[in-house]
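Here UniProt numbering is used: the first residue of the sequence shown is 1, the next is one more, and so on.
We put the CB at the ideal spot given by N, CA and C, even for glycine.
Computed from a prediction, not measured in an experiment: that's the story for all the values here.
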Amino acid sequence: LGAQWCHGEKDNIVYELANRHNLLETTGDVYENYKCIRSNKEVVPESVSQRLKDIVNDSLVTRQMELRNLNGSLGSYLTNKFYEALRRPENSDIDMAIAKEFFENYQKFENSVEASDSLDEVSGRGYLEYWECEGDILLNWKDKGFIEFLRLITRARELDKELGMLEQRVLLGKSVTQINWRRNDYCVDVKCDDGELIIADHVILTVSLGVLKEKQITLFEPKLPIEKQRAIDGLAFGTVNKIFVEFPEKFWPDDWTGFTMLWREEDISEIRGTSRAWLEDVFGFYCVSYQPKILSGWIIGANGRHMETLPEDEVLDGCMYLFRKFLQWDIPNPSSFRTSAWYTNANFRGSYSFRSMNTEEIGTSARELAQPLVVVTSPPLSNGGESNANPLYPQTRCDKPIVQFAGEATSDHYYSTVHGAVDAGWREAKRLADFYGMPRNGRTEPKAQL
């Protein structure tokens, strides 16, 4: 229901560790060779749909320099490029109604990548802050899931314990209500919802940006510095949800990878303003690796958040309406059904972060979010009881990081990904290691030896 793929290979710590244990496999062309189907069940010819796909893909891949100099949104840029390409003589035979339907669907797909409600929210320049790791960007976990990576880094299988090295170190069913980071002894008070008070030397905070947006005023005492507040407010955080529908038997052809829904204007107008209006932002259903009877749907934006509030039977009824509206086959009733609900989950309040026009206007970045809260204190002692201060340049005071921030939203270039979150966690571990003068075997970044 959450992270489904390892995105890329080069400079991807998730791939580096998981590939050693043969945990990953390519997903193939599921999200490239899908069928484009209109709401009257008409399948757009491959010769047309592939040309439309090439137009939008070309707009993102080959025009990086234009985005770098853009003073506007990703949405306006892609719209201009798409319709500019359609006006070329070689594309004059493409039906403009189909092209418009395709582009509206494509924008929903791209919104699912960004976690934005609208591409007009996404900064054109900010879009380039994300760095895609080279290699296969859709590596699945075979018949398992991302929990395999957690088991790997905690040595759960090796130690034969569910939480591995974290056994008896994780408190479940317990939430933090306040972090007091200005104690006189340079420690931190962590207040929990059950009344327990934990005194810590350091806190590494890995909650989502969505939780920080909701709780920053009440969570920290005293309030966060203005620069940190601006980063929390300025970085964007959106919602993407999945819908998994399992059928008793596969009813689609073996060479079929999924479909996207192209709404004709006369058909979409029938559901707008009705209880089914939310279905407009379900943009496609796709096959799932190692799950031959399941189709996975995607929904974005405000309608995705609205779906979370609906009864399960109403959501399922809406999905079956879509299948029977767009597909020519007889659709059996499903045997199983499940959706994600990231926005209404108080532990997340959304899915992942992106760079919005507001981010650009405020002039903030992940770097400000990642900066720790520090207090000025004496240098710590090493394991031998000696000061870590350089004897040639003795220091009597130093900045002690007492509240640190990790998670995908604090990553400069790998935000919205698990490998970005892992990198951020190790960045903060390195910060503590450096503070205490701990050796790191000459490496510039901490690496797990698995």
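Pairwise C-alpha distance: residue j and residue i
i, j, result
"His419", "Val14", "6 Å"
"Gln328", "Phe337", "22 Å"
"Trp256", "Lys108", "21 Å"
"Pro225", "Leu209", "16 Å"
"Tyr415", "Ser353", "7 Å"
"Asn12", "Arg20", "13 Å"
"Gly145", "Val240", "18 Å"
"Gly28", "Val113", "18 Å"
"Glu32", "Leu279", "23 Å"
"Asn22", "Cys6", "13 Å"
"Arg169", "Gly8", "32 Å"
"Tyr393", "Ser365", "Because Tyr393 sits at a pLDDT of 49, beneath the cut-off of 50, its placement in the model cannot be relied upon, and the following sentence gives the value as read from the coordinates. Looking at the two C-alpha atoms, the distance is approximately 33 Å."
"Gly195", "Phe348", "22 Å"
"Pro292", "Phe285", "13 Å"
"Arg305", "Tyr343", "6 Å"
"Arg157", "Ala341", "30 Å"
"Ala115", "Gly297", "15 Å"
"Ile98", "Phe82", "13 Å"
"Gly72", "Thr339", "34 Å"
"Gly437", "Lys223", "30 Å"
"Leu1", "Asn184", "44 Å"
"Ala409", "Asp330", "44 Å"
"Arg427", "Leu205", "13 Å"
"Gly407", "Phe251", "40 Å"
"Thr417", "Glu110", "15 Å"
"Lys228", "Ala370", "9 Å"
"Gln4", "Asp313", "25 Å"
"Pro311", "Ile362", "39 Å"
Cβ distance (whole Å) where residue i is taken to contact residue j below 8 Å
i, j, result
"Asn105", "Met261", "7 Å"
"Cys319", "Ile243", "6 Å"
"Val374", "Asp399", "4 Å"
"Ser403", "Pro379", "One point to set straight first is that residue 403 is Val, not Ser, in the sequence displayed. With a Cβ gap of about 19 Å, Val403 and Pro379 do not count as contacting."
"Thr359", "Leu235", "6 Å"
"Asp120", "Gly238", "About 13 Å separates the two Cβ atoms, so there is no contact after all."
"Cys187", "Ile199", "5 Å"
"Tyr321", "Asp143", "Not really, about 31 Å apart at Cβ, beyond 8 Å."
"Phe247", "Pro332", "6 Å"
"Arg264", "Glu129", "So it is not a contact: roughly 37 Å between Cβ atoms."
"Ile299", "Val282", "5 Å"
"Leu86", "Tyr77", "About 15 Å; that fails the 8 Å criterion."
Beta strand (DSSP E) segment containing residue i, residue limits
i, result
"Asn180", "176-180"
"Phe337", "336-339"
"Tyr321", "Per DSSP, Tyr321 belongs to no beta strand (DSSP E); it is in the alpha helix (DSSP H), 312-326."
"Ala231", "First-last for Ala231: 226-234, but that is the alpha helix (DSSP H), not the beta strand (DSSP E)."
"Ile217", "Careful: Ile217 lies outside any beta strand (DSSP E), inside the alpha helix (DSSP H) at 209-219."
"Phe251", "Note, Phe251: premise wrong, no beta strand (DSSP E); not H, not E."
"Leu197", "197-200"
"Leu262", "258-262"
"Val203", "203-205"
Collapsed DSSP secondary structure at residue i in the structure displayed
i, result
"Glu25", "strand"
"Val245", "strand"
"Lys10", "coil"
"Tyr352", "strand"
"Ser71", "According to the sequence provided, residue 71 is Asn. The question's Ser does not apply to it. Note: Asn71 maps to coil in three-state DSSP."
"Gly2", "coil"
"Ser123", "strand"
"Val188", "strand"
"Tyr436", "coil"
"Tyr83", "helix"
"Tyr286", "strand"
"Gly164", "helix"
"Ser296", "strand"
"Thr377", "strand"
"Leu139", "strand"
"Arg38", "strand"
Range of the contiguous alpha helix (DSSP H) that encloses residue i
i, result
"Glu368", "366-370"
"Thr154", "147-154"
"Ile98", "96-114"
"Lys400", "Where Lys400 is concerned, there is no enclosing alpha helix (DSSP H), although the beta strand (DSSP E) it sits in stretches over 398-405."
"Lys144", "No alpha helix (DSSP H) contains Lys144, which DSSP labels as neither H nor E."
"Met357", "357-362"
"Ala302", "301-307"
"Ile268", "265-271"
heavy atom of the ligand GTP below 7 Å from residue i C-beta
i, result
"Val418", "Ligands displayed in this structure: none; no statement on the ligand GTP is therefore possible."
Residue-chain proximity (residue i, chain B), Cβ-Cβ < 8 Å
i, result
"Ala406", "No chain B appears in this structure, which consists of one protein chain only."
* To do: Give a yes or no on contact between the stretch 175-194 and the stretch 30-46, applying the rule of three or more CB pairs nearer than 8 Å.
  => no
* To do: For the stretch 61-70 and the stretch 121-132, state whether three or more C-beta atom pairs, one from each stretch, are separated by less than 8 Å.
  => yes
* At least 3 beta-carbon pairs within less than 8 Å: the stretch 18-34 vs the stretch 137-144 -> yes
* Say whether the stretch 145-153 touches the stretch 189-204, bearing in mind that this needs 3 or more beta-carbon pairs closer than 8 Å, one atom from each stretch. => no
* To do: Report yes or no: do three or more beta-carbon pairs, one from the stretch 81-99 and one from the stretch 46-60, lie closer than 8 Å?
  => yes
* Check whether the stretch 429-437 touches the stretch 216-224, counting contact only when three or more Cβ pairs, one atom from each stretch, lie closer than 8 Å. => no
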